[in-house]
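Engineer:
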Amino acid sequence: MIGLVAQVDGVIDACGSAPGLACRWVYDTWHNAAAARLVDWIVAKPFKVVLILLIAFVVNRLARRGIRRMVDRLVGDREERARRRREQEVDDGRFAALAARAMAKAQLLALQEQRSKQRAEALGTVLRSVASLTIYGMAAIITLGEFGVSLGPLVAGAGIVGVALGFGAQSLVKDFLSGIFMLVEDQYGVGDVIDVGEATGVVEEVNLRTTRLRDVNGTVWFFPNGEIRRVGNKSQQWARTVLDVEVAYDTDLGKAAEVIKAVADSVWHDQLEQATVLEEPEIWGVEAFGESSVSIRLVLKVEPGEQWATAREVRKRLKRAFDQAGIEIPFPQRTVWIHDPATGPSTASAGNADFPSTGEPSEA
């Protein structure tokens with residue numbers, strides 16, 4: 011019994027509290043603690059390290075394959091929906107004799123599909139990187155434990171460094187997390203017109219940290235994703251053109267509404283390249299009473315990003331139609347008094363070189 015206890019104590023002294031098979035076999039065979047420890051370092055521990063790394067490699071491959079399949083399924087579903095929408099656009103164009111316009115819309119849908127595919131692939135890349143970092147990080151910690159490295163001080167030191175980096179780079183981490191959620195939720199993409207509060211423009215580049223957009227004046231804005239509190243996307247699915255058309259108070263509102271509706275319907279039927287109206291325009295009625303005009307609200311549902319071109323086209327046609335129908339577009343009228351102590355009060359219209367001195371007001 012005493013000899014067995016001594017042998018067990020010797021194995022523990024040579025190989026530790028959890029001796030491996032190789033260390034135990036060498037000690038039991040030659041009763042040499044140094045040789046047992048050497049074999050344990052040369053054979054057993056490298057074998058365990060290789061096994062740990064092999065398991066980590068297999069798990070990482072499985073995780074990356076699962077993420078890739080998830081992304082492929084997501085992209086496949088979007089491609090199928092986009093294909094059906096393209097077919098619908100082509101069918102609508104054939105039956106409405108607008109095949110060329112329908113094909114243009116199909117190309118737009120193809121671009122949107124490509125953007126969605128790139129977004130899904132970018133998200134898949136991020137997820138695969140995070141999975142690999144997590145798996146191999148855990149494998150490294152387990153490997154250090156196998157070589158007897160005390161993980162307590164290491165974890166404590168890493169915690170201190172992590173806290174310091176967290177305070178110093180918290181905005182950077184915030185930007186990356188916001189970028190990931192932006193990709194997942196499909197808030198906006200390249201080519202979209204967005205309003206982020208401080209600026210409104212076309213998105214030129216999106217990455218995990220920043221968003222770059224160019225406004226109507228050509229100014230390029232860079233926004234950290236974590237600093238974007240709210241986003242208004244003016245380019246998703248459909249948009250609406252809202253026009254408040256002003257007419258004089260003595261105008262027949264029924265006649266004015268008919269003219270406005272006829273002009274809007276003409277734009278709807280023409281299906282212009284940059285002014286595509288999706289549904290029949292609507293007159294919502296009298297919107298407001300101004301100082302010198304009555305506002306009639308017109309709304310048109312249009313393709314995303316075409317609301318401004320549609321508004322310009324409608325205004326151009328409205329001016330022509332109002333002139334033909336004799337409907338007045340109100341404008342301010344002013345009476346200007348000019349006082350000259352030498353000649354007395356007089357009035358004049360803006361832009362006149364010679365001022366009359368009639369002493370009575372005139373309309374300008």
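Its first residue numbered 11, the sequence shown is counted upward by one per residue in this note's numbering.
Note that beta-carbon positions come from the ideal geometry of N, C-alpha and C, so glycine has one too.
Whole angstroms are fine: how far does the CA of Leu143 sit from the CA of Pro163?
Structural biologist: Distance between the alpha carbons of Pro163 and Leu143 is about 22 Å.
Engineer: What are the start and end residues of each continuous alpha helix (DSSP H) run of 4 or more residues lying completely inside the stretch 251-337, in chain order?
Structural biologist: The qualifying runs are 263-280 and 317-335.
Engineer: Would you call Gly207 buried or exposed, if buried means 16 or more other Cβ atoms sit within 10 Å of its Cβ?
Structural biologist: Result: exposed.
Engineer: Buried or exposed, going by whether 16 or more other CB atoms sit within 10 Å of the CB of Asn235?
Structural biologist: Flag for Asn235 reads buried.
Engineer: Do you know offhand how far Leu223's Cα is from Gly211's?
Structural biologist: Using only the alpha carbons, I get a separation of about 6 Å.
Engineer: Please report the distance separating the alpha-carbon of Met192 from that of Tyr198.
Structural biologist: Cα-Cα distance, rounded: 8 Å.
Engineer: Might you give, ordered along the chain, the residues of its own chain that have their beta carbon closer than 6 Å to the beta carbon of Gln242, omitting 5 neighbours on each side?
Structural biologist: Note that residue 242 is Gly in the sequence shown here, rather than Gln. Correct list, in chain order: Asp205.
Engineer: Does the beta-carbon distance from Glu297 to Ser303 come in below 8 Å?
Structural biologist: No, the Cβ-Cβ distance between Glu297 and Ser303 is not below 8 Å.
Engineer: Taking contact to mean at least 3 C-beta pairs separated by less than 8 Å, is the stretch 309-329 in contact with the stretch 280-289?
Structural biologist: The stretch 309-329, when compared against the stretch 280-289, does touch it at the 8 Å Cβ threshold.
Engineer: What residue range is occupied by the uninterrupted beta strand (DSSP E) comprising Trp248?
Structural biologist: It is not in any beta strand (DSSP E) - Trp248 carries neither H nor E in the DSSP assignment.
Engineer: Where does Thr221 sit, in a helix, a strand or coil, going by DSSP?
Structural biologist: Of the three classes helix, strand and coil, the one that applies to Thr221 here is strand, per DSSP.
Engineer: Taking the straight line between their C-alpha atoms, what separation do you get for Val171 and Leu182?
Structural biologist: Using only the alpha carbons, I get a separation of about 16 Å.
Engineer: What is the DSSP secondary structure of Glu195, reduced to helix, strand or coil?
Structural biologist: Glu195 falls in the helix class under three-state DSSP.
Engineer: Using the rule of at least 16 other Cβ atoms within 10 Å of the residue's Cβ for burial, across every protein chain shown, is Phe332 buried or exposed?
Structural biologist: By the neighbour-count rule (16 or more Cβ atoms within 10 Å), Phe332 is buried.
Engineer: Would you check if the stretch 315-328 and the stretch 272-281 touch, i.e. whether three or more CB-CB distances between them fall below 8 Å?
Structural biologist: Segments in contact, yes.
Engineer: Going along the chain, which residues of its own chain have a beta-carbon closer than 7 Å to the beta-carbon of Lys55, five neighbours each way excluded?
Structural biologist: Answer for Lys55: Glu156 and Phe157, listed in chain order.
Engineer: Tell me which residues share the same chain as Asp101 and place their Cβ nearer than 6 Å to its Cβ, disregarding the 5 neighbours each side in the sequence.
Structural biologist: For Asp101, the pLDDT reaches just 49, beneath the cut-off of 50, and the residue's location in the model is therefore unreliable, although a value from the coordinates is still provided. There are no such residues.
Engineer: Which term fits Gly134, buried or exposed, when burial requires 16 or more other beta carbons within 10 angstroms of its beta carbon?
Structural biologist: With 16 or more Cβ atoms within 10 Å of its Cβ, Gly134 is classed as buried.
Engineer: Suppose you measure from the CA of Ile238 to the CA of Val140; what does that come to, to the nearest Å?
Structural biologist: Whole-angstrom Cα-Cα distance: 24 Å.
Engineer: With DSSP as the reference, label Glu208 as helix, strand or coil.
Structural biologist: Reduced to three states, the DSSP call for Glu208 is coil.
Engineer: Have a look at Ala335, Glu195, Ala150 and Arg79 and flag the residue whose alpha-carbon is nearest the alpha-carbon of Ala267.
Structural biologist: For Ala267, the nearest C-alpha among the options comes from Ala335.
Engineer: Determine the burial state of Thr251: buried for a count of at least 16 other Cβ atoms within 10 Å of its Cβ, exposed for fewer.
Structural biologist: Result: buried.
Engineer: Would you report the Cα separation of Glu131 and Val81, rounded to the nearest angstrom?
Structural biologist: Glu131 and Val81: Cα-Cα distance of roughly 7 Å.
Engineer: Does the distance from the C-beta atom of Glu323 to that of Leu263 stay below 8 Å?
Structural biologist: Contact flag unset, no.
Engineer: Between which residues of its own chain and Ala209 is the CB-CB distance below 7 Å, once the five residues before and five after are set aside?
Structural biologist: Closer than 7 Å at Cβ, skipping near neighbours: Leu223, Asp225 and Trp231.
Engineer: For Asn243, name the three-state secondary structure that DSSP assigns.
Structural biologist: Looking at Asn243 - three-state DSSP - the assignment turns out to be strand.
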